[in-house]
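To start, the structure itself, in structure tokens.
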Amino acid sequence: ALPSWEIEGMQQRENAKNPKQALQVRRSSLSAWQIGERTAGPKTADLKSAQKHEKGKQQSASDRAGNSTQDHLEQALTYFERGKSSDNFNEVLQKHLATVESIALQRGLSPEGLDVLLNVALSGHLVNTRILKCLIPASVIAESSVVSAVSWLCVGKCSGSTQLLFLRWLIAMFDFIDHKEKLHALYGFFFCSLQDEKLGMQPHLQALLSLYKLFCPELVSITLPAKMKTYFKNSESLWKAAINTIRRRNQGTSPTSQQLILGTGHPQSRKRKWNTQLILPACSTDANNPTRSKEINHADILSHSESFPVEQLHTFSQLLQNIHRLEFPSQMGSVLRNSLLLHYINCIKDESIYLRLYYWMGQTLQEECTWYKLDNQQYEEEFKDFLDIVYKTECFLQEGFSSCEEFLYKSLPLWDGFCCRSQILRLVSWIPLSSFSEMKPHLCEPLAQLFFTSSLYFKCSVLESLKELLQNWLNWHVMQLDVESDPKISPLNTTLSGLVNSVAELIHFVGWIATVALHLENNATFLLYFILDFYETHSCPSLVFICVRIQRALKSLPFVHSFRYRTNLVAAKENELIKKTILQFKFSSQTYQEYNQYIMAMVGCLWTSSAFQKDIHPQGIRLDPEVLKKTRVQEVRNSFNIVHHPALMGYAILFLQQAWPEDKTLNFNLIKGRRWNWYLEYLYVQGLQGLKLFIESSINRVSQVSQTKSGNVQV
Amino acid sequence: SSTENVDPQKIAFLLRKQWTLYSVTPMYKFSYGNLKEYSRLLSAFVAAEKQKGLAVEVGNDLGIKVTLSTLLGLKGTDQDQVAVLVQIASRSQLPFENAENKVVWSGWFCCISGDDLLESVPEDFTCLSLFLANGAESYTAIVGSWFQKTFDCYFSRLTISPLNLAWMAAMWTGCKVDSHMAATELVFSVPCIPQSLDISYAIHSEDAKALWDTVQKTPGEVTQEEVNLFMDCLYSHFHRHFKIHLSATRLVKVSTSIASAHCDGNIKVLD
Numbered sequence: 001a002l003p004s005w006e007i008e009g010m011q012q013r014e015n016a017k018n019p020k021q022a023l024q025v026r027r028s029s030l031s032a033w034q035i036g037e038r039t040a041g042p043k044t045a046d047l048k049s050a051q052k053h054e055k056g057k058q059q060s061a062s063d064r065a066g067n068s069t070q071d072h073l074e075q076a077l078t079y080f081e082r083g084k085s086s087d088n089f090n091e092v093l094q095k096h097l098a099t100v101e102s103i104a105l106q107r108g109l110s111p112e113g114l115d116v117l118l119n120v121a122l123s124g125h126l127v128n129t130r131i132l133k134c135l136i137p138a139s140v141i142a143e144s145s146v147v148s149a150v151s152w153l154c155v156g157k158c159s160g161s162t163q164l165l166f167l168r169w170l171i172a173m174f175d176f177i178d179h180k181e182k183l184h185a186l187y188g189f190f191f192c193s194l195q196d197e198k199l200g201m202q203p204h205l206q207a208l209l210s211l212y213k214l215f216c217p218e219l220v221s222i223t224l225p226a227k228m229k230t231y232f233k234n235s236e237s238l239w240k241a242a243i244n245t246i247r248r249r250n251q252g253t254s255p256t257s258q259q260l261i262l263g264t265g266h267p268q269s270r271k272r273k274w275n276t277q278l279i280l281p282a283c284s285t286d287a288n289n290p291t292r293s294k295e296i297n298h299a300d301i302l303s304h305s306e307s308f309p310v311e312q313l314h315t316f317s318q319l320l321q322n323i324h325r326l327e328f329p330s331q332m333g334s335v336l337r338n339s340l341l342l343h344y345i346n347c348i349k350d351e352s353i354y355l356r357l358y359y360w361m362g363q364t365l366q367e368e369c370t371w372y373k374l375d376n377q378q379y380e381e382e383f384k385d386f387l388d389i390v391y392k393t394e395c396f397l398q399e400g401f402s403s404c405e406e407f408l409y410k411s412l413p414l415w416d417g418f419c420c421r422s423q424i425l426r427l428v429s430w431i432p433l434s435s436f437s438e439m440k441p442h443l444c445e446p447l448a449q450l451f452f453t454s455s456l457y458f459k460c461s462v463l464e465s466l467k468e469l470l471q472n473w474l475n476w477h478v479m480q481l482d483v484e485s486d487p488k489i490s491p492l493n494t495t496l497s498g499l500v501n502s503v504a505e506l507i508h509f510v511g512w513i514a515t516v517a518l519h520l521e522n523n524a525t526f527l528l529y530f531i532l533d534f535y536e537t538h539s540c541p542s543l544v545f546i547c548v549r550i551q552r553a554l555k556s557l558p559f560v561h562s563f564r565y566r567t568n569l570v571a572a573k574e575n576e577l578i579k580k581t582i583l584q585f586k587f588s589s590q591t592y593q594e595y596n597q598y599i600m601a602m603v604g605c606l607w608t609s610s611a612f613q614k615d616i617h618p619q620g621i622r623l624d625p626e627v628l629k630k631t632r633v634q635e636v637r638n639s640f641n642i643v644h645h646p647a648l649m650g651y652a653i654l655f656l657q658q659a660w661p662e663d664k665t666l667n668f669n670l671i672k673g674r675r676w677n678w679y680l681e682y683l684y685v686q687g688l689q690g691l692k693l694f695i696e697s698s699i700n701r702v703s704q705v706s707q708t709k710s711g712n713v714q715v
Numbered sequence: 001s002s003t004e005n006v007d008p009q010k011i012a013f014l015l016r017k018q019w020t021l022y023s024v025t026p027m028y029k030f031s032y033g034n035l036k037e038y039s040r041l042l043s044a045f046v047a048a049e050k051q052k053g054l055a056v057e058v059g060n061d062l063g064i065k066v067t068l069s070t071l072l073g074l075k076g077t078d079q080d081q082v083a084v085l086v087q088i089a090s091r092s093q094l095p096f097e098n099a100e101n102k103v104v105w106s107g108w109f110c111c112i113s114g115d116d117l118l119e120s121v122p123e124d125f126t127c128l129s130l131f132l133a134n135g136a137e138s139y140t141a142i143v144g145s146w147f148q149k150t151f152d153c154y155f156s157r158l159t160i161s162p163l164n165l166a167w168m169a170a171m172w173t174g175c176k177v178d179s180h181m182a183a184t185e186l187v188f189s190v191p192c193i194p195q196s197l198d199i200s201y202a203i204h205s206e207d208a209k210a211l212w213d214t215v216q217k218t219p220g221e222v223t224q225e226e227v228n229l230f231m232d233c234l235y236s237h238f239h240r241h242f243k244i245h246l247s248a249t250r251l252v253k254v255s256t257s258i259a260s261a262h263c264d265g266n267i268k269v270l271d
């Protein structure tokens, strides 16, 4: 992949200054360095990262208490700044060097420290290689340090190999330099140095220039052999491991805006496999594959309409302009880090893209799963990051990956419910819609097992994730309705009835686990909240079960839940109405019967004060009188009508206070007859439109005055 | 075994070496016609990775030479893809014309009865799902990385389950071997603290073969029941003498006069 600096140089390049100007010998003032903010003390050594060279030093550094490490660093930097001694074997020198190295590897160096060390390294100091190798920034690199370092190159005090190492370091650290305007002006110097005998026309520089010439032919005047194919050894590997570890440590969770660099490559750690794919491959073109490049070159020898290389893709407008000739990256996995390419694969219907992504993702998930293979346990953080990326991509594309689904089915039975919990549960919410009977053994059973034996928090997380799953299915189906359905691809499960079946079964499943969970958790209100949340998403007749539960929890039902319950009720009614307008449904008569029974039960609760009476439905709420007696609740039959219902009682109180302000005792029995209607109007005015809808559609009032009779809506 | 022309020299070269197994996802846009080109590119890549850090131009004298070639005669069925052999040879330092290049690393891809596992992959994909490597791990890493980058495939270490090892034990025991037969050896691992315990169970090949012959009903066919029975007989024999239930341990290695296999994914074919 092309380093980012080349692209920036192309965009921002000013006129190349006369190289001679750049060769002014400058010496920046070294006395100006200060340690920036005092760090809070050494972070505890991360025992997980096995990628350090000097483990021993690392541990000893962490042993020291807070400020003393800082003092050591200050001493070391002072020593280097003064740096008169050229004795390589000076003990003091070695000690300071070791300090600097250990701190650099542990948490990086401040910009000022880097400044000092850069100058030291390039001014002919004998240990410059070691110093260059430990120049890891903690935050940023000051541009001035780099400029002064380059000026040292001009003086020529350091050897050719040091200069080369500096250049490698510069390329690896380019993104950390805070400003780059002055640096861009120095490109003339870099090109000039090519003619220097020391650096010479080395093949790697030639190759780099030939790449540069691809992008900006007018700026590179040197003649280069055409069509040179070169391979570069991965030069950042020296520092890459350390950068990643320190960045992760210093910044906690990496912000989403940062580049998604995960983990580290193999060169640093012998234990890490070479084929680990937690490192998202870089987006580089397929030109590596000669089969592909032959195909590409064939067309464009003469014409200028070559394919647009993927490295140059940075903006959305570029994507739109070049969409017809965009090259795919050589490793499809790299699209996960590139939102523009994700847009692209979203619209292109090419099976090979999906297959490549499918193979790669499937293998990566399986190989890197931390509970499949015990070796992977130490890389749990990286695996978590990877799962996060997969999830974000699914959210972006608004659909789930089938390789991810397969991974979940394979790994959920073995999952402990703890490792990468939030990531896994979020991925569950993107499982594509399919026949529920297929999903049941793979998803529902292991999830249920974990659900029943886990903490309250886990239960709530699962409910939330199942709610999201339901939502995603519904959303996806709505989108499918918009798109012209391709007669080729319309398996049974994408039809409306397939959706309804799966949805119904999922809701049934959730109802079951929620009921048991309430039992286990003793009606914990936190759990209740999540259950109500689920039903709010797509409420259904299973609402009725809540009546039962709530009745048992009658003693300790806070107002909030009552309110939610009321909202659910309202939403239930609305949804049913909406559903009925979609006449494509072929509801069986059994469904209608159930629906009627639910309506009757609800009306019985709310209106006719005959809760828990006649109800033969298996999910109904008829309860034996003995059971009702046990609850020791007076007036059970009233307990859910619109006056006494916990959710609505507050309104009743307010109503009573408004109607009889002098009466301090709240006598709910006053609300009957004519006043019942007033109360109803009052409720409507308070904004309970859903209630109004329900009552007006379900209840057929015989007379306006007193008697009310419940009836069913005609179906 | 197919009816293709078999190159006996090449096949013989595969014997008596320890091979580490990998499974490979289908390769994208791999072309048998470009093997020479791949050789050149891979040579440069290997040289670049092995050298100290300078770039390497394709085509120059590199000190190592990588060759890709096809291996005929190693197909399971006719639909399988032709096997591909990759070899890294180091250029001899001697200036003699006929100085041979010494092979330092070999690896080969083959397809194992792909028709039932991978249904129809599109034309652009080549299914060579098994990779066997012999030589330094660093070379395996380099070659594997190149294939992964160039053909968008994925290598993963293949482990052999005890069940499959038992199958191998049974099948290899049943094969006729003319030359001197080494003992058949099974190694079992028992998880213990602090270190796991390995039990090695060696049987005379003739005895093992005799046992297998009584178990196997149809020559040329092997069923799961027969394998189970074979192993159970061996287990009960062991138990009679040592009072240890081998069935509760984990079979990790099988070694016969024909071939040996380890659960970590290493196999060696002797004949």
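Chains as they are written, first to last, in the UniProt record's numbering: chain A, 1 to 715; chain B, 1 to 271. Glycine included, each C-beta is placed from N, C-alpha and C at the ideal position. These numbers were taken from a predicted model, which means no experiment stands behind them.
Residues of chain B whose Cβ lies closer than 9 Å to the Cβ of A/Leu355 are, in chain order, Pro26, Tyr28, Val121, Pro122, Asp124, Phe125. Here B/Ser69 is not near B/Val46, since their CB atoms are 9 Å or more apart. Cα atoms of A/Leu397 and A/Tyr391: separation of roughly 10 Å, rounded to the nearest angstrom. DSSP places A/Thr393 outside any beta strand (DSSP E); the residue lies instead in the alpha helix (DSSP H), whose first and last residues are 380–397. If you check the CB distance, A/Cys419 and A/Thr453 do not come in under 9 Å. Spanning the alpha carbons of B/Leu71 and A/Leu326 requires a straight line of approximately 37 Å. In this structure B/Val222 is in contact with B/Met171, their Cβ atoms being roughly 6 Å apart against a cut-off of 8 Å. Residues of chain A with a Cβ closer than 8 Å to the Cβ of B/Ser156 are, in chain order, Asn275, Gln363, Gln366, Glu367. Restricting attention to A/Phe509, A/Val147, A/His184, the CA atom closest to the CA of A/Pro446 is found in A/Phe509. Residue pairing by DSSP places B/Glu185 opposite B/Ala202, B/Ser255 in a beta bridge. A contact between stretches requires three or more CB pairs, one per stretch, nearer than 8 Å, and the stretch 237–249 of chain B meets this requirement with the stretch 185–204 of chain B. The Cβ of A/Ser352 sits closer than 9 Å to at least one Cβ of chain B.
A/Pro111 sits in a helix when the DSSP states are folded into three classes.
In this structure, A/Ala76 is the residue among A/Val685, A/Ala76, A/Glu399, A/Leu319 with its C-alpha nearest to the C-alpha of A/Ser102. In the structure shown, the three-state DSSP call for B/Arg16 is coil.
For the pair A/Gln377 and A/Pro137, the Cα-to-Cα distance works out to about 29 Å. If you look at A/Ile171, you'll find it in the alpha helix (DSSP H) that goes 160–172. A/Gly673 carries a coil assignment under DSSP once its states are collapsed to helix, strand and coil.
Chain A has no Cβ within less than 9 Å of the Cβ of B/Lys243.
Distance from the CA of B/Asp207 to the CA of A/Tyr409, rounded to the nearest whole angstrom, comes to 44 Å. The DSSP-derived three-state label of A/Tyr372 is coil. DSSP places B/Arg91 outside both helix and strand once states are collapsed to three, so it counts as coil.
Contact with chain B is found for A/Met332, since one of that chain's Cβ atoms lies less than 9 Å from the residue's Cβ. Rounded to the nearest angstrom, the Cβ distance from B/Tyr154 to A/Gln363 is 4 Å, consistent with a contact under 8 Å.
By alpha-carbon distance to A/Tyr359, the top candidate from B/Tyr28, B/Tyr22, B/Phe13, B/Trp19 is B/Tyr28.
The alpha-carbon of A/Val685 is positioned some 57 Å away from that of A/Leu313.
Around the Cβ of B/Leu128, a 10 Å sphere holds 16 or more other Cβ atoms; the residue is buried.
The beta carbon of A/Leu469 sits closer than 8 Å to the beta carbons of Val428, Ser429, Trp430, Ile431, Leu506 from its chain, once the five residues preceding and following it are set aside; these are given in chain order. In the three-state scheme derived from DSSP, where H, G and I count as helix and E and B as strand, B/Lys36 is classed as helix. Counting only the Cα atoms, A/Gln163 lies some 14 Å from A/Ser148. Using a CB distance cut-off of 9 Å, B/Cys192 does not count as an interface residue toward chain A.
In summary, no residue of the stretch 236–268 of chain B has a CB separated from any CB of chain A by less than 8 Å. At least 9 Å separates the CB of A/Trp430 from every CB of chain B. Rounded to the nearest angstrom, the Cβ distance from A/Thr393 to A/Leu340 is 13 Å, too far for a contact under 8 Å. Non-local C-beta neighbours of B/Lys268 in its own chain, meaning closer than 8 Å and more than five positions away in sequence, comprise Arg16, Lys17, Gln18, Trp19, Ala259, Ser260, Ala261, ordered along the chain. Within 10 angstroms of the beta-carbon of B/Ser196 lie fewer than 16 other beta-carbons, which makes it exposed.
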